[in-house]
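In the numbering used here, the protein residues as written are 1003 to 1805.
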């Protein structure tokens, strides 16, 4: 049904405070409903149009005068946040990944008259692999130069490709056949070759489609974050550019000239928002340039003349809000004859830009040791205070680019060499060769000792990590509790020490030099393990993938927060035990059995009422098509073993995909087993579902400790707690500094919103400490409380404001 209500807001912006380089905003046409993709259409008389998907409709917009676009027609359809558009001849084809109306076909022959476009919904009954069913939903499509239409991610063929002829009769597509039964999220085709982004498998696939009755798979290639979202081919056909629709994922370039030996060339991330969780969406290729839509970063133009050095040369941020996520720019179409770029913003509609395509400037060279002439590996080359940063390869070579042209400071440094800086004049489209010879620093010996806080004697076989931004030394103490690092370099370090049967300790901001070249660390008896050190936990089990490993969680947002970025707040170090710390839940999931994490033995025979505490993070998703899969039915099991018998003490389930957090647990051991001197705790994550129906499972465990549960806290109120939080208000994160007297019970910081709902909890150190929190909170009013045992502090009011 066609919508007769032409409600929209037109805004012509003469100036703007949004980030922009080499892109001039000509106009912005907003709609009262959210937008999805956009595509261009050129009528036989040369009139240019934008065809844009909206949540409830498809809009056809005349952009012949890009400063004053106007809505020509609007066609209603099923509610869907995914719409994609392609054109052939005088017809437009529009997908919807919801409802059951099939494929929208719009006849554009009457484009010049308001509200006169003829359209229909195409939902044929098809025999696909022997199964008769109607075409109801489609995620994406592409139409090649021969008029063959490829439908990706439909309700048929398991989301695998469907082929149609639209050249013979564009109004009545002819079904030609189907590809592999493998969900395809997006597709690009040139000649006889199809490039499919197989998002659930984490790779792009390349298929020979010269015979549509018998497509032949030629190659597959994993993309950097194993979440291949879209791909586009260079004009010479040698390079494929890809996106992974995940936070901080790159645009990647692959040399596909030899399909038996696909080579990774380079990856691009916007330098201005590096590490801030921005999500790339779609990449298109125009000549030697990439035109990329980034959700909360807008539209970015990259010079890919040299695909092994991709350089940003233009941008316009259409999204004015803070943070990251699936907001802002969805699509960017650069192929109209006029040269304008059409961009769709989910929140604020159609943008029309006039781009200025400038070239990057390049630099390459060799970095060597000034004394020996040997190549220096992993030297850092920084241009103009972190505008650009790269590293030397195994041969000491580097290569990078910069924009705009001009004079820049180029600094080369390495942790064991004196840095070197030069000023160079970069010229657009040209390359500079600059070699560097670095003078090595003189190292010194560093030593330390780990001692028992009760006896003062050295602790043999203690584990020690001494680390800075540049160095990490992992050590085991000798018979006297000592350790030595023969070649050590001046700087600020963190020292972490521990031994099973003692409470681990972390010393931060330790400045060491040749005059201050030793450290003594005191450990007190107890059990506390934040997994910064390898204190003897073991991994077993028969899972085919997803085995437990001790690592710093990388963070993974895949529609939901699947893996946290970093370990639990408040423990020692940055590591946790995680079931395969992978960049994709689809390739790092526990499959085909169980993975079992078992602690070393610990002695609870001297405790009167031992309490075991730990933190878990658990995600279990059933398989599904596009969008967020539903919860699965597996569990994370926790067992206690006292050397005589074993008991299941926790069975952790997963149910709420929109509320995934660290969960604190405390176990009164005597409620389950007799405490003994040979206790162990066991964590078992599993998925025994066979074949392609396996569940996507990620589990984490952190901050194991044992406390005496019988020790009570008399009072944890304002007379025992000295704390402050600043800045308050803040647009980013809060910093908490506190001192807490006479605390023997676990201490937590609880966060509540303005209506009293708890929105966060963190374990904090007893005694005193400093912590940062709240960077992921939305703007609003919050209250925090300290809690220890049965006592709770007076709430403290905090205000989070928009950036």
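All C-beta atoms in this analysis are idealised placements derived from N, C-alpha and C, irrespective of residue type, glycine included.
First and last residue of the beta strand (DSSP E) that includes residue 1270?
Here the beta strand (DSSP E) through residue 1270 covers 1265-1270.
Runs of beta strand (DSSP E) wholly within the segment 1409-1495 (minimum 3 residues, chain order)
1419-1428, 1433-1435, 1438-1440, 1446-1454, 1465-1469, 1474-1478 and 1484-1490
What's the C-alpha gap between residue 1538 and residue 1379?
33 Å
Measuring CB to CB, does residue 1735 end up less than 9 Å from residue 1775?
yes
List, from N- to C-terminal side, the beta strand (DSSP E) runs of 3 residues or more that fit wholly inside the segment 1181-1212.
1188-1192, 1195-1200 and 1205-1210
Taking only the alpha-carbon atoms, compute the straight-line gap between residue 1494 and residue 1418 and give it to the nearest angstrom.
Each residue's Cα considered, the two are about 14 Å apart.
How long is the line joining the alpha carbons of residue 1387 and residue 1280, rounded to whole angstroms?
The alpha-carbon separation between residue 1387 and residue 1280 amounts to approximately 22 Å.
In the structure shown, what three-state DSSP assignment does residue 1646 receive?
coil
Please report the straight-line C-alpha distance between residue 1858 and residue 1181, rounded to a whole angstrom.
Any answer about residue 1858 is impossible in this case: the structure gives the chain only from 1003 up to 1805.
Using DSSP bridges, identify the partner residues of residue 1136.
1127
Beta strand (DSSP E) segment containing residue 1221, residue limits
Start and end: 1218-1224.
Would you call residue 1393 buried or exposed, if buried means 16 or more other Cβ atoms sit within 10 Å of its Cβ?
exposed
Please state whether the Cβ-Cβ distance between residue 1541 and residue 1700 is less than 9 Å.
Contact: no.
Let me check one thing: in DSSP terms, what residues is residue 1707 bridge-paired to?
1530 and 1615
Counting C-beta neighbours from all protein chains within 10 Å, is the total for residue 1361 16 or more, i.e. buried, or is it exposed?
buried
Mapping DSSP to helix, strand and coil, what is residue 1142?
strand
Could you check which residue in 1707, 1697, 1698 and 1751 has the C-alpha nearest to that of residue 1723?
1751
Simplified DSSP state of residue 1333, which is helix, strand or coil
strand
Look at the alpha carbon of residue 1076 and the alpha carbon of residue 1100, and state the distance between them as a whole number of angstroms.
C-alpha separation (whole angstroms): 18 Å.
Taking 7 Å as the limit between beta carbons, can you name the residues of its chain near residue 979, skipping five residues before and five after?
Any question about residue 979 goes unanswered here, given that the chain covers just 1003 to 1805.
Distance between residue 1268 and residue 1113 (C-alpha atoms, nearest Å):
43 Å
Alpha-carbon spacing of residue 1435 relative to residue 1390, whole angstroms:
Each residue's Cα considered, the two are about 16 Å apart.
Once the 5 residues before and after residue 1005 are set aside, which same chain residues still bring their CB inside 8 Å of it?
In this predicted model, residue 1005 has a pLDDT of only 30, less than 50, meaning its place in the structure is not dependable; the value taken from the coordinates is given anyway. So the list reads 1058, 1059, 1076, 1077 and 1078, once near-sequence residues are dropped.
Using the Cα positions of residue 1041 and residue 1055, report the straight-line distance between them to the nearest angstrom.
Rounded to the nearest angstrom, the two C-alpha atoms are 9 Å apart.
Determine, using beta-carbon pairs with one atom in the segment 1497-1505 and one in the segment 1521-1540, whether at least three such pairs fall under 8 Å.
yes
Own chain partners of residue 1785 with C-beta closer than 6 Å, once the 5 adjacent residues on each side are dropped
For residue 1785, the CB contacts under 6 Å within the same chain, skipping 5 residues up- and downstream, are 1754, 1797 and 1799 in chain order.
Which same chain residues, not among the five before or five after residue 1787, have their C-beta less than 6 Å away from its C-beta?
1752, 1794, 1795 and 1797
Using the beta-carbon count (16 or more within 10 Å), is residue 1272 buried or exposed?
buried
What residue does the beta strand (DSSP E) around residue 1400 start on, and which one ends it?
1399-1404
Min CB distance residue 1663 to chain D below 9 Å:
Annotation note: the requested chain D is absent from the structure, which comprises a single protein chain.
Is the distance from the Cβ of residue 1740 to the Cβ of residue 1711 below 9 Å?
no
Identify which residue in 1294, 1704 and 1235 has its Cα closest to the Cα of residue 1533.
1704
For residue 1040, which residues does DSSP report across the bridge?
1054
Tell me, please, whether the segment 1403-1412 touches the segment 1440-1459 by the rule of three or more beta-carbon pairs shorter than 8 Å.
Output reads no: the segment 1440-1459 does not touch the segment 1403-1412.
Going by DSSP, what residue range makes up the beta strand (DSSP E) through residue 1799?
1798-1802
Less than 9 Å separating the beta-carbons of residue 1624 and residue 1698?
yes
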